[in-house]
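**Q** This is the structure I want to talk about, given as structure tokens.
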Amino acid sequence: MSGVNLSGIVKAYGALQVVHGIDLTVEEKEFVVLVGPSGCGKSTTLRMIAGLEEITAGDLTIDGRRMNRVAPKDRDVAMVFQNYALYPHLNVAENMAFGLRIRKTPKDEIKTTIADVANVLGLTEYLDRRPADLSGGQRQRVAMGRAIVRHPKVFLFDEPLSNLDAKLRTQMRAEIKRLHNRLGVTSVYVTHDQVEAMTLADRIVVMNNGSIEQVGTPMELFNNPANTFVASFLGSPPMNQMKGTLTENGAKVGGVEFKVNGAVNGNAGRDVIVGIRPEHVTLKPSHETSALPIGLDLVEPLGSEALLHARHGDNSLVFKADTEGDIDHLSGVKEVHVPAHVVKLFDAETGRALNLEV
Amino acid sequence: MMKWNLYSRGDKIFAIAVSVLIGMFTIATLYPFIYIAAVSFSSGFAAQAGKVVLTPIDATLDAYGYILKDPQFWISYRNTFIYTIGGTIMSMLFIIPGAYALSRPQLKGRRYFNLFIAFTMWFNAGLIPFFLNMRDLNMLDSMFGIILAFAVNAFNIILLRNFFEAIPQSFEEAARMDGANDFQVLWKVFVPLSKPAIATITLFCIVSRWNGFFWAMVLLQSEEKIPLQVFLRHTISNLSDDDEFSIALGAAGFSAETVTAAIIVCSIIPVLMVYPFIQKYFEKGILLGGVKE
Numbered sequence: 003m004s005g006v007n008l009s010g011i012v013k014a015y016g017a018l019q020v021v022h023g024i025d026l027t028v029e030e031k032e033f034v035v036l037v038g039p040s041g042c043g044k045s046t047t048l049r050m051i052a053g054l055e056e057i058t059a060g061d062l063t064i065d066g067r068r069m070n071r072v073a074p075k076d077r078d079v080a081m082v083f084q085n086y087a088l089y090p091h092l093n094v095a096e097n098m099a100f101g102l103r104i105r106k107t108p109k110d111e112i113k114t115t116i117a118d119v120a121n122v123l124g125l126t127e128y129l130d131r132r133p134a135d136l137s138g139g140q141r142q143r144v145a146m147g148r149a150i151v152r153h154p155k156v157f158l159f160d161e162p163l164s165n166l167d168a169k170l171r172t173q174m175r176a177e178i179k180r181l182h183n184r185l186g187v188t189s190v191y192v193t194h195d196q197v198e199a200m201t202l203a204d205r206i207v208v209m210n211n212g213s214i215e216q217v218g219t220p221m222e223l224f225n226n227p228a229n230t231f232v233a234s235f236l237g238s239p240p241m242n243q244m245k246g247t248l249t250e251n252g253a254k255v256g257g258v259e260f261k262v263n264g265a266v267n268g269n270a271g272r273d274v275i276v277g278i279r280p281e282h283v284t285l286k287p288s289h290e291t292s293a294l295p296i297g298l299d300l301v302e303p304l305g306s307e308a309l310l311h312a313r314h315g316d317n318s319l320v321f322k323a324d325t326e327g328d329i330d331h332l333s334g335v336k337e338v339h340v341p342a343h344v345v346k347l348f349d350a351e352t353g354r355a356l357n358l359e360v
Numbered sequence: 501m502m503k504w505n506l507y508s509r510g511d512k513i514f515a516i517a518v519s520v521l522i523g524m525f526t527i528a529t530l531y532p533f534i535y536i537a538a539v540s541f542s543s544g545f546a547a548q549a550g551k552v553v554l555t556p557i558d559a560t561l562d563a564y565g566y567i568l569k570d571p572q573f574w575i576s577y578r579n580t581f582i583y584t585i586g587g588t589i590m591s592m593l594f595i596i597p598g599a600y601a602l603s604r605p606q607l608k609g610r611r612y613f614n615l616f617i618a619f620t621m622w623f624n625a626g627l628i629p630f631f632l633n634m635r636d637l638n639m640l641d642s643m644f645g646i647i648l649a650f651a652v653n654a655f656n657i658i659l660l661r662n663f664f665e666a667i668p669q670s671f672e673e674a675a676r677m678d679g680a681n682d683f684q685v686l687w688k689v690f691v692p693l694s695k696p697a698i699a700t701i702t703l704f705c706i707v708s709r710w711n712g713f714f715w716a717m718v719l720l721q722s723e724e725k726i727p728l729q730v731f732l733r734h735t736i737s738n739l740s741d742d743d744e745f746s747i748a749l750g751a752a753g754f755s756a757e758t759v760t761a762a763i764i765v766c767s768i769i770p771v772l773m774v775y776p777f778i779q780k781y782f783e784k785g786i787l788l789g790g791v792k793e
């Protein structure tokens with residue numbers, strides 16, 4: 003079993019602790035994405051798995067073997083770096099063969115492996131080129147090729163797409179997903195881009211300030227964020243959050259009372275954060291929705307849908323609405339309608355999600 | 501490059517002034533070479549009379565004929581080659597791994613090692629302690645002593661260390677993930693990436709070894725071990741001290757000046773020949789394309 007297990011992993015630089023006791027199990031063949039803002043400890047965690055950073059405390063096992071004091075080369079993991087880290091003095095084939103040569107793989111085997119991987123990655127015609135003669139996407143593919151040729155137990159990706167332009171990023175994202183489906187190698191992927199996390203991951207690990215905020219499938223995290231941080235980090239635009247209080251019938255923000263799913267059960271009067279995903283509102287009322295009056299600031303057309311930037315009291319809000327081919331009808335929007343089942347409630351003090359009894 | 505017409509008046513004046521200064525500097529640097537070459541091909545009388553300015557007067561190869569016939573010239577020439585090639589190889593064998601080690605953050609006590617090495621750039625024991633040290637190590641009048649004693653140069657180590665430090669850390673990390681040990685990281689990644697810096701330092705070493713005069717004069721006694729520069733010194737000294745010899749030389753069509761100039765020209769040629777081979781490594785942007793920052 004080529005899984006990765008982190009148990010109570012701590013990283014400290016002198017007195018400064020940057021990763022605070024992480025527990026995480028990555029199952030064999032699973033694609034896990036560590037996501038979080040800059041400085042949250044996700045790259046440090048990945049580098050500890052790679053062996054590029056020492057582990058201050060806790061246990062790391064790969065394939066059931068404790069790896070805390072094992073050199074990177076003996077962990078049987080391969081890493082794709084954010085800046086590619088291709089050797090500029092070697093051509094594509096030599097770059098990919100570097101690790102195999104170091105490991106004294108027979109020449110014929112190296113040749114066959116490079117040819118196979120180059121074919122999979124569409125690099126066959128570039129094998130003689132130096133990295134400087136390749137485009138960003140091609141370089142990234144070479145970096146992946148260099149990792150793949152070694153047939154490691156675990157792939158580690160450190161923000162591999164962050165240097166690419168938006169179009170290429172989307173393309174490469176799909177290629178990585180396809181490759182993972184094809185190769186089925188356990189993968190840990192670090193990114194600060196929640197779209198990458200949502201699209202690539204079997205499970206997402208949301209990190210903040212050196213700790214894990216929540217682990218789950220993309221849809222679990224999107225639909226049931228454990229706290230306001232996860233709610234605001236995943237989703238584009240992020241979840242709208244408004245201060246309110248619980249009432250007997252739901253939650254009240256200013257003069258607006260939202261219907262919610264579940265029973266408030268004596269919690270009335272408790273301060274809460276009311277969360278509403280931008281895409282979960284409608285412009286047409288129904289008997290299950292609550293109307294939220296808004297002052298519309300701006301309509302941003304995105305094509306099939308548009309972003310409505312609005313205010314409600316002191317709250318700046320963003321909603322998504324279908325354009326139906328035209329945005330003129332959106333400029334007159336004065337209220338949005340919020341179905342009861344989409345309203346998320348969080349404790350105002352701790353930010354944790356409130357699970358109301360349904 | 502911006503077109504001349506788009507320059508402001510001030511910029512034009514500045515550009516002209518810079519060009520004139522560079523031109524003067526170039527002439528000032530080149531002229532001694534041209535003068536020495538011209539003297540070496542001139543007759544002894546013309547050289548002694550100070551008639552040579554830019555081109556040879558009464559052109560002759562007599563001075564070259566004189567020195568090329570001297571067996572000591574060839575012995576010294578061979579010695580200089582040995583000191584230069586052996587010394588440069590020895591220096592690089594110390595400097596490259598030393599600079600690499602000092603550039604690695606994981607080296608324990610790195611700060612102190614750096615400090616100790618830099619210290620020797622400003623302060624050193626001086627002539628007599630160094631001489632005594634060499635004597636105690638049995639390296640006086642020893643060719644190997646000359647090669648070994650000056651193998652490590654603090655300035656070159658620091659220069660290369662700085663270059664190694666500027667190489668993105670991800671290259672080393674990628675190599676380590678690929679299975680490379682320190683030795684392989686150095687020779688398979690850092691050295692190829694540092695060709696311009698290593699070429700520069702190699703040239704420094706070659707020139708310094710080729711021109712090495714003082715310590716060779718102090719440490720070597722045997723004529724068969726002295727390098728070309730010491731031979732040149734002996735020749736100049738002999739020719740100037742011996743008036744009768746000078747007169748004899750003059751009668752033969754060459755003089756102390758032309759012989760000295762001929763030896764200098766002969767000693768310059770190999771360094772001039774090496775430079776074009778090293779120059780190709782002074783390429784810029786070798787790191788370009790490997791990483792994206």
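Protein sequences, first through last, are from chains U and R.
Heads up, the first sequence is in the numbering used here, so the first residue is 3 and it goes up one at a time.
Heads up, the second sequence is in the numbering used here, so the first residue is 501 and it goes up one at a time.
Built from N, CA and C at the ideal position, the CB exists for glycine as well.
Bear in mind the structure is a predicted one, so any value in this text is a computation, not a measurement.
1. Kindly say whether Ile-105 (chain U), judged by its beta-carbon, lies nearer than 8 angstroms to any beta-carbon of chain R.
2. What did DSSP end up calling Leu-648 (chain R) once you bin it into helix, strand or coil?
3. So which residues on chain R does Met-81 (chain U) lean against when the C-beta distance must stay under 8 angstroms?
4. Can you tell me whether Gly-586 (chain R) is helix, strand or coil according to DSSP?
5. Answer yes if the segment 265-284 of chain U comes into contact with the segment 308-328 of chain U, meaning at least three C-beta pairs across the two stretches below 8 angstroms, and no otherwise.
6. Once the 5 residues before and after Leu-300 (chain U) are set aside, which same chain residues still bring their CB inside 7 angstroms of it?
7. With 8 angstroms set as the bound, which would you pick, yes or no: does the beta-carbon of Ser-670 (chain R) sit closer than that to a beta-carbon of chain U?
8. Do you know offhand how far Lys-784 (chain R)'s Cα is from Lys-695 (chain R)'s?
9. DSSP has Glu-337 (chain U) in a bridge; who is on the other side?
10. Which complete alpha helix (DSSP H) runs does the segment 166-233 of chain U hold, if anything under 4 residues is left out?
11. Below 8 angstroms on the Cβ atoms is my contact criterion, and I expect Ser-543 (chain R) with Thr-555 (chain R) to pass it. Report the Cβ-Cβ distance as a whole number of Å.
12. Smallest Cα separation from Asp-118 (chain U): which of U:Ile-150, U:Leu-18, U:Ala-270?
13. Using the DSSP secondary-structure output, state which residues sit across from Ala-808 (chain R) in a beta bridge.
14. Secondary structure at Gly-53 (chain U), three-state DSSP: helix, strand or coil?
15. On the DSSP letters alone, give me the boundaries of the beta strand (DSSP E) that Val-12 (chain U) sits inside.
16. Taking CB distances under 8 angstroms as the criterion, tell me whether Val-456 (chain R) reaches chain U.
17. Can you give the Cα-Cα distance for Ile-64 (chain U) and Ile-51 (chain U), rounded to whole angstroms?
18. Find the residues of chain U that neighbour Leu-693 (chain R), judging by a C-beta separation of less than 8 angstroms, and give them in chain order.
19. Please confirm whether Gln-721 (chain R) has its beta-carbon closer than 8 angstroms to some beta-carbon of chain U.
20. Please state if the CB of Ile-628 (chain R) and the CB of Gly-587 (chain R) are separated by a distance shorter than 8 angstroms.
21. With 16 other CB atoms within 10 Å as the buried threshold, where does Arg-77 (chain U) fall?
22. Between which two residues does the alpha helix (DSSP H) holding Met-677 (chain R) run?
23. With a threshold of 7 angstroms on Cβ separation, who are the neighbours of Leu-309 (chain U) within its own chain once the five nearest residues in sequence on each side are excluded?
24. Here's the rule I'm using: 16 or more other beta-carbon atoms within 10 Å means buried, otherwise exposed. How should Ser-519 (chain R) be labelled?
25. When the Cα atoms are used, what is the spatial distance from His-343 (chain U) to Val-262 (chain U)?
26. Listed from N- to C-terminal order along the chain, which residues in the segment 94-128 of chain U have their beta-carbon within a distance smaller than 8 angstroms of any beta-carbon of chain R?
27. Name the residues in the segment 62-76 of chain U whose C-beta lies less than 9 angstroms from a C-beta of chain R; which are they?
28. Mark Asn-7 (chain U) as exposed unless 16 or more other C-beta atoms lie within 10 angstroms of its C-beta, in which case mark it buried.
29. Out of R:Tyr-775, R:Arg-733, R:Ile-778, which has the shortest C-alpha to C-alpha gap to Ile-763 (chain R)?
30. Give a yes or no on whether the C-beta atoms belonging to Pro-162 (chain U) and Gln-84 (chain U) are separated by under 8 angstroms.
31. Any idea what DSSP makes of Ala-355 (chain U), helix, strand or coil?
32. Tell me, to the nearest whole angstrom, how far the beta carbon of Phe-402 (chain U) is from that of Ser-189 (chain U); I am working on the premise that it is less than 8 angstroms.
33. Kindly indicate if chain R contains any beta-carbon less than 8 angstroms away from that of Leu-54 (chain U).
34. Quick one: what's got a C-beta closer than 7 angstroms to Asp-25 (chain U)'s C-beta in the same chain, skipping five residues either side?
35. Compute the distance between the beta-carbons of Phe-260 (chain U) and Ala-253 (chain U), then report whether it is under 8 angstroms.
**A** Per the coordinate set shown:
1. Here residue 105 (chain U) is taken as the residue at index 103 of the first sequence, counted from 1. Note that residue 105 (chain U) corresponds to Arg in the displayed sequence, not to Ile. Among the CB atoms of chain R, one or more fall inside 8 angstroms of the CB of Arg-105 (chain U).
2. For the purposes of this step, residue 648 (chain R) is taken as residue 148 along the second sequence, with counting starting at 1. Here Leu-648 (chain R) sits in helix by DSSP.
3. On the first sequence, residue 81 (chain U) is found 79 positions in, with the first residue counted as 1. Simply Glu-673, Ala-674, Met-677.
4. Walking along the second sequence from the start, residue 586 (chain R) turns up at place 86. Helix, per DSSP.
5. yes
6. Counting from 1 along the first sequence, the entry for residue 300 (chain U) is found at position 298. Excluding sequence positions up to five before and after Leu-300 (chain U), its CB lies within less than 7 angstroms of the CB of His-311, all in the same chain and listed in chain order.
7. Translated into positions along the second sequence, residue 670 (chain R) becomes position 170. Yes, because at least one Cβ of chain U sits closer than 8 angstroms to the Cβ of Ser-670 (chain R).
8. Position 284 of the second sequence, counted from the start, is the residue given in the question as residue 784 (chain R). Position 195 of the second sequence, counted from the start, is the residue given in the question as residue 695 (chain R). Confidence at Lys-784 (chain R) is low in this model, with a pLDDT of 47, below 50, so its placement is unreliable and the value that follows should be read with caution. Answer to the nearest angstrom: the Cα atoms are 10 angstroms apart.
9. The count along the first sequence starts at 1 and reaches residue 337 (chain U) at position 335. Paired residues: U:Pro-295.
10. Within the segment 166-233 of chain U, the complete alpha helix (DSSP H) runs of at least 4 residues are 168-185, 196-202, 220-225.
11. For this step, residue 543 (chain R) is matched to residue 43 along the second sequence. For this step, residue 555 (chain R) is matched to residue 55 along the second sequence. No, Ser-543 (chain R) and Thr-555 (chain R) are not in contact; Cβ-Cβ is about 13 angstroms, not under 8 angstroms.
12. Locating residue 118 (chain U) in the first sequence gives position 116, where the first residue counts as 1. Out of U:Ile-150, U:Leu-18, U:Ala-270, U:Ile-150 has the C-alpha closest to the C-alpha of Asp-118 (chain U).
13. The question about residue 808 (chain R) has no answer here: the residues shown for chain R are numbered 501 through 793.
14. As a working note, residue 53 (chain U) is residue 51 in the first sequence. Correct three-state label for Gly-53 (chain U): coil.
15. Along the first sequence, one-based indexing puts residue 12 (chain U) at 10. Per DSSP, Val-12 (chain U) belongs to the beta strand (DSSP E) from 6-15.
16. Residue 456 (chain R) lies beyond the residue range present for chain R, which begins at 501 and ends at 793; the question has no answer from this structure.
17. As a working note, residue 64 (chain U) is residue 62 in the first sequence. As a working note, residue 51 (chain U) is residue 49 in the first sequence. Each residue's Cα considered, the two are about 9 angstroms apart.
18. The residue given as residue 693 (chain R) occupies position 193 in the second sequence. Result: Tyr-89, Pro-90, His-91.
19. Taking the first residue of the second sequence as 1, we reach residue 721 (chain R) at position 221. No, Gln-721 (chain R) does not count as interfacial toward chain U.
20. Here residue 587 (chain R) refers to the residue found at position 87 of the second sequence. Here residue 628 (chain R) refers to the residue found at position 128 of the second sequence. Not closer than 8 angstroms, so no.
21. One-based indexing of the first sequence puts residue 77 (chain U) at position 75. Arg-77 (chain U) should be labelled buried.
22. For the purposes of this step, residue 677 (chain R) is taken as residue 177 along the second sequence, with counting starting at 1. Met-677 (chain R) -> alpha helix (DSSP H) spans 669-677.
23. Working through the first sequence from its first residue, we reach residue 309 (chain U) at position 307. Result list for Leu-309 (chain U): Pro-239, Glu-302, Val-320, Lys-322, in chain order.
24. Along the second sequence, one-based indexing puts residue 519 (chain R) at 19. Exposed, since its Cβ has fewer than 16 Cβ neighbours within 10 Å.
25. Taking the first sequence and counting its residues from 1, the one referred to as residue 343 (chain U) is at position 341. Taking the first sequence and counting its residues from 1, the one referred to as residue 262 (chain U) is at position 260. Roughly 6 angstroms between the two C-alpha positions.
26. Phe-100, Gly-101, Ile-104, Arg-105
27. Ala-73, Pro-74, Lys-75, Asp-76
28. Locating residue 7 (chain U) in the first sequence gives position 5, where the first residue counts as 1. Buried, because 16 or more other Cβ atoms sit within 10 Å of the Cβ of Asn-7 (chain U).
29. As a position in the second sequence, residue 763 (chain R) is number 263, starting the count at 1. The residue with the shortest Cα to Cα distance from Ile-763 (chain R) is R:Arg-733.
30. To locate residue 162 (chain U), count along the first sequence from 1; it is residue 160. To locate residue 84 (chain U), count along the first sequence from 1; it is residue 82. Yes. Within cutoff.
31. Translated into positions along the first sequence, residue 355 (chain U) becomes position 353. In this structure, Ala-355 (chain U) counts as strand in the three-state DSSP scheme.
32. Absent from the structure is residue 402 (chain U), since the part of chain U shown begins at 3 and ends at 360.
33. Your numbering for residue 54 (chain U) matches position 52 in the first sequence. Chain R contact via Cβ: present.
34. Position 23 of the first sequence, counting from 1, holds the residue named residue 25 (chain U). Leu-8, Ser-9, Gly-10.
35. Your numbering for residue 260 (chain U) matches position 258 in the first sequence. Your numbering for residue 253 (chain U) matches position 251 in the first sequence. Closer than 8 angstroms, so yes.
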